[in-house]
Structures are given as C-alpha cells and as structure tokens.
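Here the sequence shown is numbered in my numbering, starting from 10 and rising by one per residue. All C-beta atoms in this analysis are idealised placements derived from N, C-alpha and C, irrespective of residue type, glycine included. Only one structure is covered here, and it is reproduced in the block below.
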Amino acid sequence: MISRHVAVIGAGAAGLVAARELRREGHRVVVFERGSRVGGTWVYTPGTERDPLGIDPSRPVVHSSLYKSLRTNLPREVMGFGDYPFLPRADGSGDSRRYPAHEEVLAYLEDFAREFGLEELLRFEEEIVGVGMADERGKWKVTWRTRNGGGDGGREEEVFDAVVVCNGHYTEPRIAEITGIDLWPGKQMHSHNYRTSEPFRDLVVVVIGSATSAVDISRDIAKVAKEVHVASRSYEVEPLGIQSGYDNLWLHPMIEKAHEDGKVTFLDGSFVGVDIILHCTGYKYHFPFLETNGIVSINDNRVGPLYKHVFPPHLAPWLSFVGLPWKAIPFPQFEYQSKWIAGVLSGRIALPSEEEMMEDVKDLYSQLEASGVPKRYTHNVADSQFEYNDWLAVQSGSRLSEEWRKEMYSETIRKMRARPVVYRDEDIEETLVSQAHEDFTKLPL
Ligand code: FAD
C-alpha cells in the first residue's frame, strides 16, 4: 500500500472520520480547521453574522447554523459512526435522551477525536484559501492563512499528494425569491442566523420552508411571537390553516408577493401585515478555495462532475469530497466514503477509468433529467442512501448497513412527518433498539 501526504479540509464529523480512515490506511494526514476546536456544525455559537441574510460575500463568516434549542433529528443509535456508537455517557452526565441536545453531539465528536488520537493531526485556526495544481505534476499546492484568534496572520503553503474536502455545506444561505421584496419595508433573516426566539417577541413572522429547521424554528418562535405564518411549496402531511395545539401558528402555500405597505400575500389569497420574513430555505455548496480551472464547478447547487458524489473523474483520486449527499444519515455515510477514498489513495482499491467514471456521471444526470428532478437535487440521496452506502462498503471491504439502522431510520422519518413536534419523545420499536445495542456490544472497542 502506498502512503500519501493528504490534506483534509475541515475538522467536523466528515473531516474527523476521513482523517481516521486515511491514517488507518497508512497515509500521512494533516487536517486544516479554520475554527479553534473540532465539531464543525456542532460548535454552537450565540454569535451571528452582521448580514442577517448571509449574502454579503465580504462578511466575516460564522460557520455553525445551530439554534440554541436544537435537539438531533435522528435517534442517537442511528446517528453515530458504524464502529463508535453514540451512547449516553457511562457516568450519567450530559443529556442521555435518544434525541439529545446539540451539546451532546459536540461532546461525542470530541470523544471520537480523543479516542482515535486525531489531535496530533489537527491544525486549528488555519483557514484554507487556495487549493490549486502545484508545479509538480499531479500534486496540489494548498495555501492557508493563520487566523490567530480570528485575525489574519499571513499566508503559508505546502504541497500535498491529495486533498479531501470536508468543509461542510450548511453555512452559505440560499434565499427564497419573492416578488416585490425590494420595496417591502420589513426585515429579513436566514435560519443560518437564528439562535433564539427572543428577538421575535410580539412580532408577526413569516417562516419560509418545510424542512426540519422550519418546523423546529416556527414552533420555537410561536411561543413568543404574536403570529407565525409558515409558507412552503410542499407540505407532505400537515394540513394548511391554523395548526392544532396553537392559536398563533398557520401553514400557507408559498408567498405570492410582498407589498410596499408591509403586507405579504400567499398563493391561497390570504394576506397578513408582516414584521419579519425568516428564510429556512437551505444552503448552497461553497468551495471558495478551489482552483480547478473549471474542472469542478457548481451549477444550480450541483457539484460536478463527481463520480459517486466523491471523485471528479479528471482529478481522481487526488481530489475528493466527503459529505456532499443530503437527506441521508450523515456520520455513517461519511465513514463509508472515507474508507473508499483512503483505499483508493493507497492503491488497494481500483477506480474505473476516467471515461468510465464520466459515463457513470452522465448516466446519473440523464436519469435525473428523465425523471424531472432539478439539478439542485443531484446530491439528494433520500431514496438510495443505503444502496449507495452498501456500494461504498463493497468497494472498501467493510460491512454493509445494519438492518436495524435502516428500519429505525424509516420509523423516525415516518414519525417526524406525522408528528413533527413530539416525535423526539416517542418510544422506538423495542426490538430495533435491542438489535442496535446487541450490535454495539460486538464492536472491537
Ligand atoms: P461541518 O460540521 O460543517 O464541518 C466543516 C468544518 O470545516 C468546520 O469545522 C469548518 O470550520 C471547517 N472549514 C470550512 N471551511 C474551511 C476552510 N476554508 N479551511 C479550514 N476549515 C474550514 N446531522 C445529524 O446527523 N443529525 C442531526 O440531528 C442534524 N441536525 C442538523 C441541524 C442543523 C441546523 C444543521 C445545519 C445540520 C444538522 N445535521 C444533522 C447535519 C450536520 O451538518 C452533519 O451531521 C455534520 O455535522 C456535517 O459535518 P461536516 O464535517 O460535513 O461539516
């Protein structure tokens, strides 16, 4: 097996597990992290960006989009890495709930880094600002700036054999387009900058979106706001109109127009005078440091071309991405992707030819187009995540997705859709829980 000099960008869940797998495979790894600790998204900060919509490209970026009240949307058994379960702490401290508060996830990732001795690979407060081809053929020149407590301590560079991008994709807001918004006099914010409900006290708020953040945040705000109106293109289960259990929370179809007098009209013809619009409309992939001469680009939130969401065929295996797919269980999938990348870099696993990989990418694009799926859903693996994970597992010779994980995940999604406010406190099928815990006892640790 060949040992490579590999740069990993980011020390969130993806960067940590990538570092572990790369080192296990015998590579020499450096993890660059612009923050001052591991955990990425899970490092909660009360601080927000000065531009509440997060669209000013010159703004100082706050990485995490967590809100204070956030609890996980997956049960801890499902959420954890395959060989390092996310269990309540043995000493009874912390939050032992099945869907714990965010602090518990951060503690888990810190434990993971400690358990596998990853600290020695980490370089904190070093922000990657350039990843481009080095003069030496096939290698990467990686440039970073040292931040020294947030400041700019100058630039340095080093040449690496390979770069694994793990910079997360929940930081760069995507905003809904609203007719008339330029003349509308109210305030706007993206959920990236939402922390607590207090600033919304006694206000009339429109929340746009129907994913987990929109559901959680609208209920959080309804405790203090005068009125909350949720507007969405899609409601899978909940009926429109006033929500049961609330006297100030309504669901509407999408906004039709924002008006100069402060009113907002919805496509069902209803209207309301609004103080603030909160966009819970998701995020964009963003790799400001990548200099690939257009070999990798982002088009309507499709990052491509990428073979199996990981390798750009023309630059494989020297550039790779961990964590791009969404609507999946993140941590175990990062692990499968990382094992594959590590094995390919060492020469243990062979990739198809560049032409074959391009064909595969084109096939995926054609299938999506034929099914009417927009480009921006290219990395949505909701219907294929376990198939995808198993494909990766076969490549790297690791074990397939556990049956209990698949079933527990389906049960969670069903309950989340049916009862989005209370599903976290409902019991889970006991036999699945026992199977999971029995599996955990067999792990090598
Ligand atoms: P991140 O955690 O974002 O880490 C990326 C890291 O890269 C950061 O530390 C960042 O500082 C660093 N970085 C970025 N750019 C640079 C650079 N140029 N140079 C150096 N370092 C850089 N997942 C679940 O499993 N369960 C949940 O309940 C859940 N809830 C969520 C709730 C919210 C509100 C959000 C936003 C996400 C949630 N997720 C959840 C998904 C979560 O993002 C993933 O679980 C996971 O943490 C993503 O890990 P990552 O390493 O890909 O990215």
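- prompt: Quick one: what does DSSP say residue 238 is sitting in, helix, strand or coil?
  reply: Three-state DSSP puts residue 238 in a strand.
Q | As assigned by DSSP and simplified to three states, the class of residue 427 | A | Helix at residue 427.
### Task
Using only alpha-carbon positions, find the residue among 354, 179, 221, 155 that is nearest to residue 432.
The residue with the shortest Cα to Cα distance from residue 432 is 221.
Next on the checklist: Between which two residues does the beta strand (DSSP E) holding residue 267 run?
Outcome noted: Per DSSP, residue 267 belongs to the beta strand (DSSP E) from 264 to 267.
Any heavy atom of the ligand FAD inside 7 Å of the beta-carbon of residue 334? No, since every heavy atom of the ligand FAD falls outside the 7 Å radius drawn around the Cβ of residue 334.
Review point. CB-CB under 6 Å to residue 252, same chain, minus the five flanking residues each way: which ones, in chain order?
Key: So the qualifying residues of the chain are 258.
| field | Option nearest residue 226 by Cα separation, candidates 386, 74, 388, 414 | value | Nearest C-alpha to residue 226: 74.
| task | Within the stretch 31 to 67, note down every full beta strand (DSSP E) run reaching 3 residues or more, in order along the chain. | result | Within the stretch 31 to 67, the runs of beta strand (DSSP E) that reach at least 3 residues and sit entirely inside it are, in chain order, 37 to 42.
Residue 168 to residue 140 span [Cα, whole Å]
If you draw a straight line from the Cα of residue 168 to the Cα of residue 140, it comes to about 10 Å.
- Task: Could you tell me which residues DSSP pairs with residue 197 in its beta bridges?
- Result: Paired residue(s): 286.
For the ligand FAD, any of its heavy atoms closer than 7 Å to the Cβ of residue 155? The ligand FAD never approaches residue 155 closely enough for any of its heavy atoms to be under 7 Å from the residue's Cβ.
Where residue 426 and residue 149 are concerned, what is the direct C-alpha to C-alpha distance, given to the nearest angstrom? Straight-line measurement puts the Cα of residue 149 at about 45 Å from the Cα of residue 426.
Next on the checklist: Classify residue 32: buried if its beta carbon has 16 or more other beta carbons within 10 angstroms, exposed otherwise.
Outcome noted: Taking all protein chains in view, the Cβ of residue 32 is crowded by 16 or more other Cβ atoms within 10 Å, so the residue is classified as buried.
Is it the case that the stretch 200 to 216 contacts the stretch 280 to 290, given that we only count it when at least three CB pairs across the two stretches are under 8 Å? Between the stretch 280 to 290 and the stretch 200 to 216, the count of Cβ pairs shorter than 8 Å is three or higher; the stretches touch.
Can you tell me whether DSSP reads residue 359 as helix, strand or coil? DSSP places residue 359 in coil when its eight states are reduced to three.
Range of the contiguous beta strand (DSSP E) that encloses residue 329: First-last of the beta strand (DSSP E) with residue 329: 328 to 330.
- CA-to-CA distance, residue 165 to residue 370, given in whole angstroms: Rounded to the nearest angstrom, the two C-alpha atoms are 35 Å apart.
### Query
Between which two residues does the alpha helix (DSSP H) harbouring residue 398 extend?
Where residue 398 is concerned, the enclosing alpha helix (DSSP H) stretches over 394 to 405.
How would you call residue 434, buried or exposed, if buried means at least 16 neighbouring beta carbons within 10 angstroms? Exposed.
Practice task
For residue 351, count neighbouring C-beta atoms within 10 Å of its own C-beta (all shown protein chains included) and say buried if the count is 16 or more, exposed if not.
Solution key: With 16 or more Cβ atoms within 10 Å of its Cβ, residue 351 is classed as buried.
- Message: Looking only at its chain, what residues have a beta carbon closer than 6 Å to the beta carbon of residue 193, apart from the 5 residues adjacent to it on each side?
- Response: The residues are 267.
Using the Cα positions of residue 400 and residue 136, report the straight-line distance between them to the nearest angstrom.
Their Cα atoms are separated by approximately 33 Å.
Heavy atom of the ligand FAD less than 7 Å from the Cβ of residue 42, yes or no? With a threshold of 7 Å, the Cβ atom of residue 42 counts as near the ligand FAD, since some heavy atom of the ligand is closer than that.
message: Whether or not the stretch 357 to 373 and the stretch 317 to 326 are in contact is what I'm after, with contact meaning three or more pairs of Cβ atoms, one per stretch, closer than 8 Å; do they touch?
response: The stretch 317 to 326 is in contact with the stretch 357 to 373.
Which partner residues does residue 313 have in the DSSP bridge list?
Bridge partners of residue 313: 306.
- Task: Out of 306, 133, 317, 410, point me to the one whose CA is closest to residue 338's CA.
- Result: The option with the nearest alpha carbon to residue 338 is 410.
Query raised in the report: In the structure shown, what three-state DSSP assignment does residue 455 receive?
Result: With the chain covering only 10 through 454, there is no way to say anything about residue 455.
With distance defined between alpha-carbon atoms, name the residue in 76, 45, 42 nearest to residue 57. Residue 76 is the option with its Cα nearest to residue 57.
(message) Based on DSSP bridge pairs, tell me the residues matched to residue 139.
(response) According to DSSP, residue 139 shares a beta bridge with 152.
- With 16 as the cutoff for other CB atoms within 10 Å, does residue 11 come out buried or exposed? With fewer than 16 other Cβ atoms within 10 Å, it is exposed.
Check your understanding: Around the Cβ of residue 405, are there at least 16 other Cβ atoms within 10 angstroms (buried) or fewer (exposed)?
Key -> Buried: at least 16 other Cβ atoms inside 10 Å.
Check: How many whole angstroms separate the CB atoms of residue 173 and residue 15, which I take to be in contact at a CB cut-off of 8 Å?
Finding: That pair is a contact at about 6 Å.
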